[in-house]
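Visitor: Would you mind keeping the following structure in view while I ask a few things?
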Amino acid sequence: MSLDMPKFSDLDALYDEKNAKVATEMYEDPELFNEEMEKIFKNTWVWVAHESEFPDKGSFKLSQVGLEPVIVVRDRKGKIHCMVNRCRHRAATVCEVKKGKTSSFQCPYHGWGYGLDGSLRALPYPEQYGDDFDKSQHGLVKLRTEAYNGMVFATFKEDIEPLEDFLGEGVRKYIDLFMKQGGGFPVKVLGEHQFSVPMNWKVQLENTTDAYHFPIVHKSFMQTLDGATEEMFDFLDKGVGYVEDLGNGHSVMTMIPELVDLDENLDAPIPERFADLAQELRDEGYPEDQVKKIVRAVSGAGFNLNLFPNVSFSLAFFRVLTPINVEQTDIRHIAIGMDGGPEAANQARIRLHEHFQGPMGFGSPDDAEVWERIQRGTKGGPDLKILVNRGMVDEEPGEFGPRGHISAETGMRAAYKMWKRMMAQ
Amino acid sequence: MTEMSKIDTKSMLADVTAFIWAESAMLDLKEYDDWLDLWTDDGLYIMPIGDTVDFKNSVNLCYDNAKMRRDRVGRFHAGFSISSAPPAQTVRTLSRFRIEAAEGDLITVSCAEHLVEDKFGRQRIWAGNVEYILKVTEGGFKLQQKVIRLLNSDGMLNSFSYLF
Chain X
1 MSLDMPKFSD LDALYDEKNA KVATEMYEDP ELFNEEMEKI FKNTWVWVAH
51 ESEFPDKGSF KLSQVGLEPV IVVRDRKGKI HCMVNRCRHR AATVCEVKKG
101 KTSSFQCPYH GWGYGLDGSL RALPYPEQYG DDFDKSQHGL VKLRTEAYNG
151 MVFATFKEDI EPLEDFLGEG VRKYIDLFMK QGGGFPVKVL GEHQFSVPMN
201 WKVQLENTTD AYHFPIVHKS FMQTLDGATE EMFDFLDKGV GYVEDLGNGH
251 SVMTMIPELV DLDENLDAPI PERFADLAQE LRDEGYPEDQ VKKIVRAVSG
301 AGFNLNLFPN VSFSLAFFRV LTPINVEQTD IRHIAIGMDG GPEAANQARI
351 RLHEHFQGPM GFGSPDDAEV WERIQRGTKG GPDLKILVNR GMVDEEPGEF
401 GPRGHISAET GMRAAYKMWK RMMAQ
Chain U
426 MTEMSKIDTK SMLADVTAFI WAESAMLDLK EYDDWLDLWT DDGLYIMPIG
476 DTVDFKNSVN LCYDNAKMRR DRVGRFHAGF SISSAPPAQT VRTLSRFRIE
526 AAEGDLITVS CAEHLVEDKF GRQRIWAGNV EYILKVTEGG FKLQQKVIRL
576 LNSDGMLNSF SYLF
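As they're listed, the protein sequences go chains X and U. Each residue of the first sequence is one higher than the one before, starting from 1 at the first, in this note's numbering. Each residue of the second sequence is one higher than the one before, starting from 426 at the first, in this note's numbering.
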């Protein structure tokens, strides 16, 4: 390599698209990580919040875009803003409360005060800056912010295509289907599990549309299910469903085809495991058609939707990844429920979430273990490649892009194709 | 509490401390079947997130009734859960015991817990406030409720292959 050549000019060596092989450096090289933060996370739409997390005027939550801390907030007119959490004077964060309600953000160091839209409103003793100090040039750094069906995304790239175009028709279709699990009510965030894993962020990016691992890693979870639910999760043996590339790095994996559209099959009998819940809803006075709709929505949608680069919609929750460094990634599993819906239904959803997700779940700890094992394993055989070629043999054109077997690595190939496109910029 | 003499409190404190230390040893030694026997049938083992007291309507780290406790222990034992085969080893200390209430056959005790876990040659330290509700029975104390509030329960955690 000559000295004037950038280190990562040979992207084909990092991801060999034809053979679907990934170089080990992809999980391990700190310089490559820094370049990814710049070329990917500063140049695309990054998920920052769900609208229900800051529902009122003045409500806010802290989030992150790549490595940068941001505040997502609703102003007095209800407009959503996202801005870098850093005072323009001497860089202190202007907010350290994770979620809340306020009328302004004030820097704790010298008292510079910012409005909900990030504009600099006032500062103590401004005369020392001279008459030509322009407050309008010293607001919090703002990101372009757009939302689709409650999901809020922000970007540092001012001239990027609109969010709806970035998502594309395929993703929008599946987001709309996913949100039907409100069961007739708006979807609301109910809480979240957070855990950090010593792994590269792309290990997580690969996982959401990886059905191949499910019966192995989650065998102990499957063993705690009732027969009908176990049957439902047995999608690999049954060979039903598929993985499809939705473009721009996004992909979908449908595991339980009968639950892809929750508005269909509403006349189907209520499964035995939800009989008590259905009766409780009837006793509360919900009419039968609404009972069926709510109960059908309780366990979530029958697919996982993975968006490049940091959020996925997984059966009944949102999974968000935040890169920390090349070998560390923070994960959030956000539980969702029915805003204004019956308490019993939301309790059922929360208990299902706790069963699988988070640090004490019956699923997540085993996922975290294998992800860490990947990071440990890549210390051996640095010249070996990571294979994401499974299912290339019988991939066919789908509705929006290449479609493979339920256990195909089509989703990973979609993500790495986008990775390469962005890194080539 | 107000009606109890100091001597009563002292002896009660000694009794509950002995019980809780015995329970702690079972958890460090992973004697989970014995631990399951310590519970009342309708007891709840809860690790909440943040400062909520409405556990039923909140997302918790765990909210285990008898079935979930049995399933959790079964998962640890069966050998199919990669995170618990082998699990992290733990050493814990419980101290700062205080009797918060004693009404009828129920005693509420609070204490501090420090736990060190070891796996992959890496140690992690956890601290939490624990509140027990113990039920007095003819056969001794039973666990009616145990709430472990990790100091950073609403922060970034790691996954756990053991019980607190």
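C-beta: ideal position from N, C-alpha, C; glycine also.
Identify whether E542 (chain U) lies in helix, strand or coil by the three-state DSSP scheme.
Guide: In the structure shown, E542 (chain U) sits in a strand (DSSP, three-state: E or B).
Visitor: Applying a beta-carbon distance threshold of less than 9 Å, which residues of chain X neighbour Y488 (chain U)?
Guide: By Cβ distance, chain X contributes I350, R351 and E354.
Visitor: Step through the CB atoms of chain U and report whether any lies within less than 9 Å of the CB of L190 (chain X).
Guide: Judged by the 9 Å Cβ criterion, L190 (chain X) is in contact with chain U.
Visitor: Taking buried to mean at least 16 other C-beta atoms within 10 Å of its own C-beta, is G546 (chain U) buried or exposed?
Guide: Burial call: exposed.
Visitor: With DSSP as the reference, identify every bridge partner of W464 (chain U), one or two as the case may be.
Guide: Its beta-bridge partners are U:L568.
Visitor: For the region 327–398 of chain X, list the beta strand (DSSP E) runs that are entirely contained and at least 3 residues long, ordered along the chain.
Guide: If we require 3 residues or more, the beta strand (DSSP E) runs fully inside the region 327–398 of chain X come out as 328–338 and 385–387.
Visitor: Between I374 (chain X) and M199 (chain X), which are expected to be in contact by the criterion C-beta below 8 Å, what is the C-beta distance as a whole number of angstroms?
Guide: Rounded, the Cβ-Cβ distance is 6 Å, consistent with contact.
Visitor: So which of X:I406, X:I256 and X:V197 has the shortest CA-CA distance to T229 (chain X)?
Guide: Of the candidates X:I406, X:I256 and X:V197, the one whose C-alpha sits nearest the C-alpha of T229 (chain X) is X:I256.
Visitor: Can you tell me whether G437 (chain X) is buried or exposed, with buried defined as 16 or more other CB within 10 angstroms of its CB?
Guide: Only positions 1 to 425 of chain X appear in this structure, which leaves residue 437 (chain X) out of reach.
Visitor: Of the residues X:L305, X:R76, X:H89 and X:R273, which one's Cα is nearest the Cα of G170 (chain X)?
Guide: Residue X:L305 is the option with its Cα nearest to G170 (chain X).
Visitor: Closest to G398 (chain X) by C-alpha separation, out of X:Y242, X:G113 and X:F303, would be which residue?
Guide: Out of X:Y242, X:G113 and X:F303, X:Y242 has the C-alpha closest to the C-alpha of G398 (chain X).
Visitor: Take the Cβ of P382 (chain X) as the centre, count every other Cβ of all protein chains shown within 10 Å, and call the residue buried at 16 or more, exposed below.
Guide: Under this definition P382 (chain X) is an exposed residue.
Visitor: Closer than 8 Å, Cβ to any Cβ of chain C: which residues of the region 189–211 of chain X, in chain order?
Guide: Of the protein chains in this structure, namely X and U, none is chain C.
Visitor: Does S52 (chain X) come out as helix, strand or coil in the three-state DSSP assignment?
Guide: In this structure, S52 (chain X) counts as helix in the three-state DSSP scheme.
Visitor: Please report the Cβ distance between R523 (chain U) and V534 (chain U), rounded to the nearest whole angstrom; I am assuming they are in contact, meaning their Cβ atoms lie under 8 Å.
Guide: Confirmed, about 7 Å.
Visitor: By the 10 Å Cβ neighbour count, where 16 or more other Cβ atoms means buried, how is H355 (chain X) classified, buried or exposed?
Guide: Buried, by the Cβ-count rule.
Visitor: Is there at least one Cβ from chain X nearer than 9 Å to F444 (chain U)'s Cβ?
Guide: By this cut-off, F444 (chain U) is not an interface position.
Visitor: Roughly how many angstroms lie between the CA atoms of A414 (chain X) and F444 (chain U), to the nearest whole one?
Guide: Taking the straight line from one Cα to the other gives about 56 Å.
Visitor: Could you tell me which whole beta strand (DSSP E) segments of length 3 or greater appear in the region 85–119 of chain X?
Guide: Complete beta strand (DSSP E) runs here, min 3: 99–101.
Visitor: When Cβ atoms are compared, which residues of the region 355–375 of chain X fall closer than 7 Å to chain U?
Guide: Of all residues in the region 355–375 of chain X, G358, P359, M360, F362, S364, P365, D366, A368, E369 and V370 have a Cβ within less than 7 Å of some Cβ in chain U.
Visitor: Give a yes or no on whether the minimum CB-CB distance between T155 (chain X) and chain U is below 9 Å.
Guide: Taking Cβ atoms only, chain U never reaches closer than 9 Å to T155 (chain X), which makes this a no.
Visitor: If you measure beta-carbon to beta-carbon, which residues of the region 94–111 of chain X are closer than 9 Å to chain U?
Guide: Against chain U - using a Cβ distance shorter than 9 Å - the residues of the region 94–111 of chain X are K98.
Visitor: Quick check on D226 (chain X): does DSSP put it in helix, strand or coil?
Guide: If DSSP states are grouped into helix, strand and coil, D226 (chain X) belongs with coil.
Visitor: Can you pull the chain U neighbours of E272 (chain X), defined as C-beta to C-beta under 9 Å?
Guide: Chain U residues near E272 (chain X): none, gap ~16 Å exceeds 9 Å.
Visitor: For the region 211–223 of chain X, enumerate the residues whose C-beta is nearer than 7 Å to any C-beta of chain U, in chain order.
Guide: Taking 7 Å as the Cβ-Cβ cut-off against chain U, the residues of the region 211–223 of chain X that qualify are V217, K219, S220 and Q223.
Visitor: Can you give me the start and stop residues for the beta strand (DSSP E) that W551 (chain U) sits inside?
Guide: Element bounds for W551 (chain U): R547 to T562.
Visitor: Which chain X residues are close to S508 (chain U), counting only those with a beta carbon under 8 Å from its beta carbon?
Guide: Correct list: P365, D366, A368 and E369.
Visitor: Just grab the DSSP bridge partners of I71 (chain X) for me.
Guide: Per DSSP, X:L62 and X:M83.
Visitor: Kindly confirm or deny that the region 43–55 of chain X and the region 153–160 of chain X touch, where touching means at least three C-beta pairs closer than 8 Å.
Guide: Segments in contact, yes.
Visitor: Measure the CB-CB distance between L582 (chain U) and Q194 (chain X) and report whether it falls below 9 Å.
Guide: For L582 (chain U) and Q194 (chain X), yes; Cβs fall inside 9 Å.
Visitor: Could you check how far apart the C-beta atoms of M472 (chain U) and L575 (chain U) are, in whole angstroms? I think they sit under 8 Å.
Guide: About 7 Å separates the two Cβ atoms, so the contact holds.
Visitor: Check whether the Cβ atoms of N490 (chain U) and L469 (chain U) sit closer than 9 Å, and answer yes or no.
Guide: Going by C-beta atoms, N490 (chain U) is nearer than 9 Å to L469 (chain U).
Visitor: Tell me which residue opens and which closes the alpha helix (DSSP H) that F303 (chain X) is part of.
Guide: Counting along the chain, F303 (chain X) falls outside any alpha helix (DSSP H), though it belongs to the beta strand (DSSP E) covering F303 to L307.
Visitor: Does any C-beta atom of chain X lie closer than 9 Å to the C-beta of M437 (chain U)?
Guide: M437 (chain U) does not count as touching chain X.
Visitor: Which two residues bound the contiguous beta strand (DSSP E) that contains A526 (chain U)?
Guide: Residues Q514 to E528.
Visitor: For E96 (chain X) and V141 (chain X), I'd like the C-alpha separation in whole angstroms.
Guide: Roughly 17 Å between the two C-alpha positions.
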